[in-house]
Amino acid sequence: MSEERDQRSVSRRGSGRWNRRQVLAALAAAGIGSAVFRRALAWQTENAPSVTAEMIRQAEWIAGLELTDEEREATAGAVNSILEDFAAMRAVDVSYEVPPALFFDPTVGVSQLAREAASAGNSASANTRQPNIAAAQASTNRAIVEPMEWSAGPRPDSSLDLAFLPVTELAALLRSRQVSSVELTRLYLERLRRLDPTLHCVVTLTEELAIRQAERADREIGAGQYRGPLHGVPWGAKDLIAVAGYPTTWGATPFREQTLDDTATVARRLEQAGAVLVAKLSLGALAWGDQWFGGMTRNPWRPEQGSSGSSAGSASATSAGLVGFALGSETLGSIVSPSRRCGTTGLRPSFGRVSRHGCMTLAWSMDKIGPMARSVEDCAIVFAAIQGPDGLDGTVHDQPFAWPWRTSLGTLRVGYFPAEGEPDEREELQVLRSLGVKLVALRPPTDLPVDAMTIILNTEAATVFDTITREKNFADLNRWSNAFRQGQFVPAVEYLRANRLRT
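If you want my numbering, it's the 1-based position in the sequence shown plus 13.
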């Protein structure tokens with residue numbers, strides 16, 4: 014910010030002249046923070062059909078930004094696109110009693126089915142059959158997980174078959190000592206090295222840490238100190254999850270050399286469960302897409318195609334048998350989309366179930382951390398290990414996680430979205446019907462502007478990465494540059510309106 018711009022003054026009737034700092038103080042006192050253009054832009058656009066680059070130029074001083082002509086044109090286009098969203102939001106009649114959904118409370122409206130499941134899980138906790146990850150957790154009601162009965166079958170003849178086994182089978186082989194954690198870890202490290210030049214899914218191999226953790230797992234398992242089904246299983250972390258001693262790059266060139274001193278809660282909990290971290294895996298730059306400073310992460314099934322994102326490396330590596338499982342994150346589709354593209358099973362937990370401490374923030378009110386694996390049961394086992402409060406992320410609730418798999422399928426209600434203009438005779442629906450599942454057609458409301466979620470995301474992300482916008486440090490972040498600038502133009506009223514629609 015130049016000295017000349019900081020000393021810019023404006024006229025005020027009856028009060029002489031104020032400099033920029035005084036104006037910003039007055040705006041802040043009125044609830045119009047200095048980090049956005051808000052009213053300055055509103056004054057310019059109130060009677061105008063669209064925002065122009067000149068309007069952007071005249072509004073820049075409030076945010077302390079100085080854009081180029083090209084950036085003004087791009088920003089004007091971005092702002093024009095959200096003005097339509099503002100109008101759509103204003104058209105929805107929301108009762109004044111509805112507060113903004115700044116944080117989602119998963120405990121509101123807990124169903125009878127969920128309570129019964131929790132009760133069944135608590136009664137099952139006395140079962141001595143492994144795994145019961147709750148015993149290894151300090152928090153009350155951490156998890157009651159009673160997976161389907163499984164036992165160690167014969168070890169696969171080939172290392173390729175071994176690499177693709179789900180966690181449940183890897184755990185059985187490890188516990189029966191048909192395979193060691195060190196052997197399994199070296200297998201995955203070799204596959205990561207060999208296939209990464211094709212898939213571009215690895216940011217950093219954590220080999221030294223992995224071998225150390227694997228050796229400890231083998232000693233403990235051999236001594237009968239079994240920690241549960243993740244004990245000795247190699248895994249990969251999306252590279253927005255901090256691990257002390259290793260880079261945490263967020264997939265973005267400006268943070269390529271970043272090393273954080275802390276270790277994320279989810280990584281600590283997996284270490285406590287005995288899991289072995291073998292790699293930090295790629296993500297689209299600052300959690301958007303599958304493009305990062307190492308290239309485009311690939312879909313193992315179609316290497317000419319991107320993996321989708323932003324949990325790109327987590328999906329690609331899990332699908333390709335390079336890790337036993339991985340952790341990803343989701344703000345708006347970043348677990349679900351790459352899981353669908355790469356053929357993995359992803360669990361996007363409800364907001365407030367898993368601590369984000371030590372993980373990159375993109376949107377405070379939307380970010381979620383979850384497992385990506387090769388089966389639903391694997392996801393449940395990993396989720397049981399990472400969920401619950403840690404005292405460091407205040408949005409996390411202390412709620413039990415119970416999975417009463419013995420429940421009859423006939424008691425389940427499964428929702429689905431009917432295909433537009435097509436009969437509900439899809440193969441998967443026929444299979445569910447044959448199993449006695451009650452199918453419920455879901456028809457979400459069509460009168461609510463869903464783009465309100467994008468407004469929330471971009472505004473929060475623009476705040477998180479405000480320094481990047483001010484310093485124009487957009488190296489390899491072209492997809493974000495307009496979104497960050499657009500976020501600077503969202504008035505507080507519209508941000509809160511979007512959150513009220515979200516409620």
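Glycine is no exception: its CB is placed at the ideal position from the N, C-alpha and C atoms.
Practice item. Report yes if the CB atom of N471 is closer than 7 Å to the CB atom of A496, and no otherwise. Key: Taking the first residue of the sequence shown as 1, we reach residue 471 at position 458. Taking the first residue of the sequence shown as 1, we reach residue 496 at position 483. Closer than 7 Å, so yes.
Check your understanding: With 16 other CB atoms within 10 Å as the buried threshold, where does V111 fall?
Key -> Reading the sequence shown from its first residue, position 98 is the one you call residue 111. Exposed.
Point to revise | Straight-line gap, V64 to A398 (C-alpha atoms, nearest Å) | key: For the purposes of this step, residue 64 is identified with residue 51 of the sequence shown, where counting begins at 1. For the purposes of this step, residue 398 is identified with residue 385 of the sequence shown, where counting begins at 1. If you take the alpha carbons of V64 and A398, they lie about 50 Å apart.
Check your understanding: Between G500 and the rest of its own chain, which residues show a CB-CB distance below 6 Å, the 5 nearest in sequence each way excluded?
Key -> Translated into the one-based positions of the sequence shown, residue 500 becomes position 487. The answer, listed in chain order, is N471, T472, A475.
Exercise for review: Quick one: give me the first and last residue of the beta strand (DSSP E) that P316 is part of.
Suggested key: Translated into positions along the sequence shown, residue 316 becomes position 303. Segment 315 to 319, the beta strand (DSSP E) holding P316.
Review point. Could you give the distance in angstroms between the alpha-carbon of S193 and the alpha-carbon of E228?
Key: To locate residue 193, count along the sequence shown from 1; it is residue 180. To locate residue 228, count along the sequence shown from 1; it is residue 215. About 9 Å.
Review point. Is the stretch 413 to 420 close to the stretch 295 to 313, with three or more CB pairs under 8 Å?
Key: no
Check your understanding: Thinking C-beta only, is S324 closer than 7 Å to T310?
Key -> Position 297 of the sequence shown holds residue 310. Position 311 of the sequence shown holds residue 324. No. Outside cutoff.
**Study point:** Minimum C-alpha distance to S573 - residue among R190, P260, R188, L200
**Key:** For the chain, the structure presents residues 14 to 516; residue 573 sits outside this window and is missing.
Practice item. Return the bridge partner residues of M373 from the DSSP annotation. Key: Within the sequence shown, residue 373 is the residue found at index 360, counting from 1. Per DSSP, none; premise fails for M373.
**Study point:** Proximity to T211 [Cα-Cα], best of L96, A330, A114
**Key:** The residue labelled residue 211 in the question sits at position 198 within the sequence shown. Ranking the options by Cα distance to T211, first place goes to A330.
Review point. Would R383 pass as a contact of R361 if the rule is Cβ separation under 7 Å?
Key: On the sequence shown, residue 383 is found 370 positions in, with the first residue counted as 1. On the sequence shown, residue 361 is found 348 positions in, with the first residue counted as 1. Inspection of the sequence shows that residue 383 is occupied by Gly rather than by Arg. A contact, by the Cβ cut-off of 7 Å.
Review point. Quick one: what's got a C-beta closer than 8 Å to G235's C-beta in the same chain, skipping five residues either side?
Key: The residue you call residue 235 lines up with position 222 of the sequence shown. Around G235: R190.
**Study point:** Anticipated Cβ contact below 8 Å, L205 with V291, distance rounded
**Key:** Taking the first residue of the sequence shown as 1, we reach residue 205 at position 192. Taking the first residue of the sequence shown as 1, we reach residue 291 at position 278. Confirmed, about 7 Å.
Point to revise | Contact belief for I481 with S378 at Cβ below 8 Å, rounded distance in angstroms | key: The sequence position of residue 481 within the sequence shown is 468, counting from 1. The sequence position of residue 378 within the sequence shown is 365, counting from 1. No, I481 and S378 are not in contact; Cβ-Cβ is about 20 Å, not under 8 Å.
Exercise for review: Using alpha carbons as the reference points, say which of Q285, G258, E220 lies closest to L243.
Suggested key: By 1-based counting over the sequence shown, the position of residue 243 is 230. Residue Q285 is the option with its Cα nearest to L243.
Exercise for review: Use the C-beta contact count for V279: other C-beta atoms within 10 angstroms, 16 or more gives buried, fewer gives exposed.
Suggested key: Along the sequence shown, one-based indexing puts residue 279 at 266. Buried: at least 16 other Cβ atoms inside 10 Å.
Point to revise | Complete alpha helix (DSSP H) runs within the stretch 213 to 264 (minimum length 4 residues, chain order) | key: 220 to 235
Check your understanding: Can T181 and E507 be called in contact, C-beta distance under 7 Å?
Key -> Here the question's residue 181 lines up with position 168 in the sequence shown. Here the question's residue 507 lines up with position 494 in the sequence shown. Contact flag unset, no.
Review point. Just how far apart, CA to CA, sit L222 and G302?
Key: Translated into the one-based positions of the sequence shown, residue 222 becomes position 209. Translated into the one-based positions of the sequence shown, residue 302 becomes position 289. Answer to the nearest angstrom: the Cα atoms are 29 Å apart.
Point to revise | Spatially closest choice to R483 from E73, S94, E67, E317, by CA coordinates | key: What you label residue 483 is simply residue 470 of the sequence shown in a count that begins at 1. Of E73, S94, E67, E317, the residue nearest in Cα terms is E73.
Point to revise | Cβ neighbours of G307 in the same chain (closer than 7 Å, five flanking residues each side left out) | key: Numbered from its first residue, the sequence shown carries residue 307 at position 294. The residues are H213, V216, S295.
Practice item. Using only alpha-carbon positions, find the residue among A257, L448, T219 that is nearest to T420. Key: As a working mapping, residue 420 is identified with position 407 in the sequence shown. Closest option to T420, Cα to Cα, is L448.
Check your understanding: Where L273 and S342 are concerned, what is the direct C-alpha to C-alpha distance, given to the nearest angstrom?
Key -> The residue given as residue 273 occupies position 260 in the sequence shown. The residue given as residue 342 occupies position 329 in the sequence shown. Taking the straight line from one Cα to the other gives about 18 Å.
**Study point:** Nearest-angstrom beta carbon gap, R498 and T81 [assumed within contact, 8 Å]
**Key:** Working through the sequence shown from its first residue, we reach residue 81 at position 68. Working through the sequence shown from its first residue, we reach residue 498 at position 485. Actually they are not in contact, since the Cβ atoms of T81 and R498 sit about 11 Å apart, beyond 8 Å.
Check your understanding: Measuring CB to CB, does S352 end up less than 7 Å from A339?
Key -> Locating residue 352 in the sequence shown gives position 339, where the first residue counts as 1. Locating residue 339 in the sequence shown gives position 326, where the first residue counts as 1. No, the pair does not count as a contact, with Cβ atoms beyond the cut-off.
Check your understanding: Which residues does DSSP pair with F338 in a beta bridge?
Key -> In the sequence shown, counting from the first residue as 1, residue 338 sits at position 325. Per DSSP, W248.
Exercise for review: Could you check if G166 is buried or exposed, using at least 16 other CB atoms within 10 Å of its CB as the buried criterion?
Suggested key: Translated into the one-based positions of the sequence shown, residue 166 becomes position 153. That one is exposed.
Practice item. Report buried or exposed for R510, applying the criterion of at least 16 other Cβ atoms within 10 angstroms of its Cβ. Key: Numbered from its first residue, the sequence shown carries residue 510 at position 497. When all chains shown are included, R510 counts as buried.
**Study point:** DSSP bridge partner residues for Q400 (one or two, in chain order)
**Key:** As a working note, residue 400 is residue 387 in the sequence shown. Answer by DSSP bridge pairing, in chain order: V367.
Practice item. Counting only the same chain and skipping the five closest in sequence on each side, list residues whose C-beta sits under 6 Å from that of P113. Key: Within the sequence shown, residue 113 is the residue found at index 100, counting from 1. Taken in chain order, the residues that qualify are L509, N512, R513.
Review point. Roughly how many whole angstroms lie between the Cα atoms of L375 and R168?
Key: The count along the sequence shown starts at 1 and reaches residue 375 at position 362. The count along the sequence shown starts at 1 and reaches residue 168 at position 155. If you take the alpha carbons of L375 and R168, they lie about 42 Å apart.
Review point. Starting from P351 and walking both ways along the alpha helix (DSSP H), at which residues does that stretch end?
Key: Numbered from its first residue, the sequence shown carries residue 351 at position 338. P351 -> alpha helix (DSSP H) spans 349 to 355.
Point to revise | Inter-residue Cα distance where the pair is R315 and I348 | key: Position 302 of the sequence shown, counting from 1, holds the residue named residue 315. Position 335 of the sequence shown, counting from 1, holds the residue named residue 348. Cα-Cα distance, rounded: 19 Å.
Point to revise | Alpha-carbon spacing of L96 relative to P179, whole angstroms | key: To locate residue 96, count along the sequence shown from 1; it is residue 83. To locate residue 179, count along the sequence shown from 1; it is residue 166. Those two C-alpha atoms are separated by around 48 Å.
Check your understanding: Around the Cβ of R225, are there at least 16 other Cβ atoms within 10 angstroms (buried) or fewer (exposed)?
Key -> Numbered from its first residue, the sequence shown carries residue 225 at position 212. Exposed: under 16 other Cβ atoms inside 10 Å.
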